[in-house]
Structure formats: structure tokens, C-alpha cells
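Under my numbering, the letters of the sequence shown match residues 2 to 577, in that order.
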Amino acid sequence: MISHIALPVFLAAATALASPSSTDSYAPYYVDCPEDIQLVRQPRSTSLAESEWVHGRQAQMVDSLGRYLENLDLADFNTAEYMRRVRADVDYSVPVIGWANSGGGWRAAMTGVGGLQAIDERTAGAREAKVGGLFQILTYIAGLSGGSWPVSSPVFHDYEPISEMIADWQVDVDRFTDADDDDYFEVIVEKYTAGFNISVSDFLGRAFATQVIPGVNRTWSSIPELPGFKNFSGPFPILVASSINTSSPVEDGLYVPSWDAPWYEWNPFEFGSWAAGFVPTKYVGTVPNENNTAEKCVENLDQASFVLGSVASAWNYWYLEAVSNDTLGTFSKRDGGVAKRDSYIDELVELVDEVFSEYFNYTVSQISNPSIPNAFNPDENLTFADGSEAGQSIPFLPLIQPERKVDFIYVLAKAHGLPFPEVPPVREMLARNYTLKPVLFGCNTNLTTTRDATSPIVAYFANAPYSWYSNYSWSTTNMSSAEANGVLQNSFNLLTQGNGTLDSTWTDCLGCAAIDRSLARVGMQRSQACEQCFQEHCWDGTLTAGVSDDFVLDPSLALDPSLSYAEWSEQHPDMD
Numbered sequence: 002m003i004s005h006i007a008l009p010v011f012l013a014a015a016t017a018l019a020s021p022s023s024t025d026s027y028a029p030y031y032v033d034c035p036e037d038i039q040l041v042r043q044p045r046s047t048s049l050a051e052s053e054w055v056h057g058r059q060a061q062m063v064d065s066l067g068r069y070l071e072n073l074d075l076a077d078f079n080t081a082e083y084m085r086r087v088r089a090d091v092d093y094s095v096p097v098i099g100w101a102n103s104g105g106g107w108r109a110a111m112t113g114v115g116g117l118q119a120i121d122e123r124t125a126g127a128r129e130a131k132v133g134g135l136f137q138i139l140t141y142i143a144g145l146s147g148g149s150w151p152v153s154s155p156v157f158h159d160y161e162p163i164s165e166m167i168a169d170w171q172v173d174v175d176r177f178t179d180a181d182d183d184d185y186f187e188v189i190v191e192k193y194t195a196g197f198n199i200s201v202s203d204f205l206g207r208a209f210a211t212q213v214i215p216g217v218n219r220t221w222s223s224i225p226e227l228p229g230f231k232n233f234s235g236p237f238p239i240l241v242a243s244s245i246n247t248s249s250p251v252e253d254g255l256y257v258p259s260w261d262a263p264w265y266e267w268n269p270f271e272f273g274s275w276a277a278g279f280v281p282t283k284y285v286g287t288v289p290n291e292n293n294t295a296e297k298c299v300e301n302l303d304q305a306s307f308v309l310g311s312v313a314s315a316w317n318y319w320y321l322e323a324v325s326n327d328t329l330g331t332f333s334k335r336d337g338g339v340a341k342r343d344s345y346i347d348e349l350v351e352l353v354d355e356v357f358s359e360y361f362n363y364t365v366s367q368i369s370n371p372s373i374p375n376a377f378n379p380d381e382n383l384t385f386a387d388g389s390e391a392g393q394s395i396p397f398l399p400l401i402q403p404e405r406k407v408d409f410i411y412v413l414a415k416a417h418g419l420p421f422p423e424v425p426p427v428r429e430m431l432a433r434n435y436t437l438k439p440v441l442f443g444c445n446t447n448l449t450t451t452r453d454a455t456s457p458i459v460a461y462f463a464n465a466p467y468s469w470y471s472n473y474s475w476s477t478t479n480m481s482s483a484e485a486n487g488v489l490q491n492s493f494n495l496l497t498q499g500n501g502t503l504d505s506t507w508t509d510c511l512g513c514a515a516i517d518r519s520l521a522r523v524g525m526q527r528s529q530a531c532e533q534c535f536q537e538h539c540w541d542g543t544l545t546a547g548v549s550d551d552f553v554l555d556p557s558l559a560l561d562p563s564l565s566y567a568e569w570s571e572q573h574p575d576m577d
């Protein structure tokens, strides 16, 4: 049962709580802008700060790349010669590798962080499984919706071992039912009193951050001051969200994003869009004048909890599903006909709507999506929406920008005019069991949008059952340690193909794909072993003739096919 919220106490004390100059407050505040600031930067390249950081990251991870390849020990490949050539021109030669974590609520968070734990060389058994070390050579990591949690958490935990970070999450604690909601609303009142819009995303974001972000009132613009980030110890985090405006489609009185809605990204240095431009993350919420400057700048609107809430802003769909009995608002990644809603979600929708209405006089449409002052269009606030509502549950967009020059992307869970592999239709994915086993796309550069090596290779890992049925309800918010370990182990088995028992060549193939685009830049050819691996694991661009409709939509465990889902479910009733 979710407790009622005693908000009048907070409203009365709000003025004292929200000190404009206090960095301990959740509330944004105004400061004098730097004299030489140009607020909006045109999106012609990455920022100078990002470029310099990536340069440092590439130099830092050269030794990690050599260590990973030596441990992998690829057949018919001269690792020493490759590393000699890489060291001769690090900026040009080091592979640029990204990780894209799909959305899907707590499910996406746990399966995603399980994948990161699997590829962290500090995880017990990871190096022996030949995937340990891949985390150490990631340049970028991107997420949306629930996939934003495993993307945000490592950098704020200073890139400590992923297994230690997960322990800090305390996955058995439900941040909605076990926590005091008063604490969440107390800080929201600070922001409201300071004159900034508030929404359900402020409430949800505080709950999310309590789980995955250490400390309170951390900001994204403070990331560059964290020791791990300053030392280039882990990948560059990017979170993405879709958007809505007054021209967006309307369902039952609520705006929902169109499938061509603008996308926005948060990173430690900048916030913005590759269509509209970028502003310094530190000054998000500042609206420039006609000279692209301002006298007063907003600070502290980039709270880590608010950023989490802004990219997982699905309240409009939660509300639509609650009031329509799941006939409206169904996410792109879920089938409304089979999705099971937890009753507490409906209870939470009702309670929070009541609180915002009674104490803030906000309507459902006003609280459903977070909005901020818009530096790119001062006439209309910038309003966020969960990316999954716009038909995309995988955050490819920031990773396939040509300016970032990404060579290889891991995807856990067709881009027109942008470098990307060609991908088969859903029917072909099912026919070839690509929803049950990992697959590579783009190994043949002719099967890409650019027809050359500027398109990345993509490794796609669907969330399939290997040792655990991890496709549980997206709205699950906690689990026992045993259940969490089951999900984490399933991710490990997915990444390693059962530690090689299902496919002994897969981890070698991952290594081949990770360095493939870099090989051409250092003047080396693919090894015969890598060519063979790509023939086995890359989509060849053909479509299967005479495909039947007999697809495996309810698979058994890959590592224990004799155990049916019904039997497993009886053993684990809390995971329905």
C-alpha cells in the first residue's frame, strides 16, 4: 500500500528549504552568466570538451585493449603487430565502441547492468569467459527509459566494479512502497517554489535516483569533476528522450510523441539535439537573447534525478493504460494484449494525480511530462517524453552520429541518412531465431546505409531466457537477492552463450567485431578465423524463403530446455 502524502507541511516550509544559492537544494537557481558565453552551439560537431575527453579516453584505454585481446587470443591474428600500429596513432586507430541499453523499466535496468557486469574485467569469471575487458574499452554508453539507470549509475559510482555498484542498488528495496513518499515531495516543493515547472517525473526521478545514484542532489554538469571521469576510467554516458509539443498527437486529452518527434540527449558537457543545437548542461533552462547570451543563467536544473525522470517520462502512458484498461498508451516494446499490469501502478497513478491536483492545482496533462525553458524555441517550453513512446526502445541515435565515429555497438534488448547497418524485417528476425541468440549486423559494409566502413557493426542481444526467465513485468520495482542474481547470471549467459557451452566461437566473434573497423585504419586484413566467424554470426542480407508462421514465441531456457516456463514460474511466483 502506498502511503498518503502530507504535503501542506512542506508547502509551508518551502521558502526556508529552497535557498537560491544552495547547491544542497533540488531547486534550480539563477546566477550571473559568464561574460563571454554563447549559449546555443550549432550541432555541426561534438563539443570541444567531449572531443578532448574522448581523446583522453582513447589514450587511457590502449592498455586495456591490448590486455583484452591478449586474453582473447584470437586465432590467426597478430595481436602484437596490431597493438604496435594502434599505438603509433591512437586517435585515429583505437576502435570507438559504444553500448546501447534499451528501455523497459526495471527489467531493462537489471538485464542491462547484468550485461555490464559480464563484460567488466573485474567481475569474477569474466576474463575466463573471454568477455571481461569489453567494459574497459567502451568509449560511449547510451540509454533511455529504464535503460538509463545502468548508464547513469557507473559514472556517479566513479566507475567502481560493476558488481560492487549493483550491491549498492539494494534491489530488494522498493523505492515506492518501502520509502517515505514525503521525502520525494519535499524536494519537489523546493523546485515549485523557485518558480520552475514540476511534474510526475520529478517524483519518479527522485525514486529512481535513490536506487542507482549515490548521494543526493548530484548534477550531470558535476560529472566532469568526478575522479573517475577526470581519469577517463569508464565510458562517456549519454541519455536520450523524445519530446512532445502542441502539435503532437493527442490521446484522451494527453499529448503523445509522434514517431518523427525531435530527440534530445543529455551528456556531462551538453544538452540538446542534433537538429536544434546544444547548450552547456550546467545552464540548461537558460533562454538566450537575440545575441545568444543572457545576463542570468539557470543552474541546478540538471539534477541527476530529474534527468533520469526526463528520459523515463512515461507517466502519460501509465495514465492512459490505467484509465483505458490497457487499450491506449501501449509502449512500442510491449504487447498490450499480453502485458500484465501490477495493481500498485494504478494505485500510484491515482494517488499522485490526486496530490498534484490538490496541492499544486495541476491537471493530469500538466503533470504527465516534464518541461523546461526552451533555449531553442523560447516561445514554447521543451517537454520530454519516454523514447519508447516514439517507437524506439534502443538509443541508437546518439551513437550513430557521424561526428562520434563509432565503429562497433553492443545492443542489449533503419536509420535514414545516418550510418547504420541494414537490418532484416521482424519476420526474418524470428525465422532466424535472432530474438533468442545474438547476431551481428553490418560486417559486410555493402549491407549498410553508407556502403562503407563509416557505418558501425552492431551486435544485437535480445533479452532471451538462458538460465532465467528475465522478461518479467516492466513495472517490477524490486526483487529478492536470489531473483536479482538469476537475472544477472542470465545476462552473463546471454553475453557469453552459456560460457561457451552453446557456441564456443561467439566470444571470439565479439572480439573480431570490436576491432574490425579499426583494422582497415591500421592497414591490416581480417584474419581467416574472423572471416569464418562473420559468415556464421552476421546477417548475410538474404531473406529466408518459404518461412512458416511456426515461430518460437514462448521459448524454454536455452541452458535447461527441459524446464518449462510453467514449471519455472511455479518455483518463482514473484517473477510473473
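No residue lacks a Cβ here, since even glycine has one placed at the ideal position from N, Cα and C.
Residue environment: Asn494 is assigned as buried (16 or more neighbouring CB atoms within 10 Å of its CB, all protein chains considered).
Secondary structure at Asn72: helix, using DSSP grouped into helix, strand and coil. The DSSP assignment places 440-442, 458-462 as complete runs of the beta strand (DSSP E) inside the stretch 432-507, in order along the chain (cut-off: 3 residues). Between Thr449 and Pro420, the beta carbon gap of about 7 Å places them in contact (Cβ cut-off 8 Å).
At a Cβ-Cβ threshold of 9 Å, Leu240 and Pro29 do not count as neighbours.
In this chain, the alpha helix (DSSP H) harbouring Leu205 covers 201-213.
Contact between Tyr461 and Tyr435 holds: their C-beta atoms lie close to 7 Å from each other, under 8 Å.
Membership of Trp540 in any beta strand (DSSP E) is not indicated, and neither H nor E is assigned to it by DSSP. DSSP places Ser249 outside both helix and strand once states are collapsed to three, so it counts as coil.
Beta bridge pairing from DSSP links Ile142 with Trp100, Pro238.
For Leu309, the uninterrupted alpha helix (DSSP H) segment begins and ends at 305-312. Non-local beta-carbon contacts of Ile214 in its own chain, meaning distances under 6 Å to residues more than five positions away in sequence, involve Phe157, Ala305 in chain order. Residue state for Thr384 is assigned as strand, using DSSP reduced to three classes. The stretch 486-505 and the stretch 114-130 touch, with no fewer than 3 CB-CB distances between them shorter than 8 Å. Beta-bridge pairing by DSSP links Val63 to no other residue. For Gly278, the uninterrupted beta strand (DSSP E) run begins and ends at 278-281, by DSSP.
When secondary structure is reduced to three states using DSSP, Glu82 falls in the helix class. For Glu571, the enclosing alpha helix (DSSP H) starts and ends at 566-572. For the options Leu49, Pro556, Leu135, the alpha carbon positioned closest to that of Cys513 is the one of Leu135. The stretch 88-97 makes no contact with the stretch 358-375; the number of CB pairs closer than 8 Å stays below 3. In this structure Ser243 touches Ala386 by the C-beta definition: roughly 5 Å separates them, less than 8 Å. Exclusion of the five residues before and after Trp221 leaves Trp267, Pro269, Thr282, Asp303, Ala305, Val308 as the residues of its chain whose Cβ lies within less than 7 Å of its Cβ. Between Val280 and Arg45, the CB-CB gap reaches or exceeds 9 Å. No Cβ-Cβ contact shorter than 9 Å links Gln137 with Ser200.
Its Cα nearest to that of Asp261, the residue Ala276 stands out among Asp253, Ala276, Glu271. At a Cβ-Cβ threshold of 9 Å, Thr545 and Glu429 count as neighbours. Here Val440 is actually not in contact with Ile410; their C-beta atoms are around 13 Å apart, not less than 8 Å. Arg128 and Pro426 have their C-alpha atoms some 35 Å from each other.
Per DSSP, Phe272 is one residue of the beta strand (DSSP E) stretching across 271-274.
Its chain contains Ala143, Ile239, Val241, Glu266 as the residues whose beta carbon lies nearer than 7 Å to that of Pro399, once the 5 sequence neighbours on both sides are disregarded; these appear in chain order.
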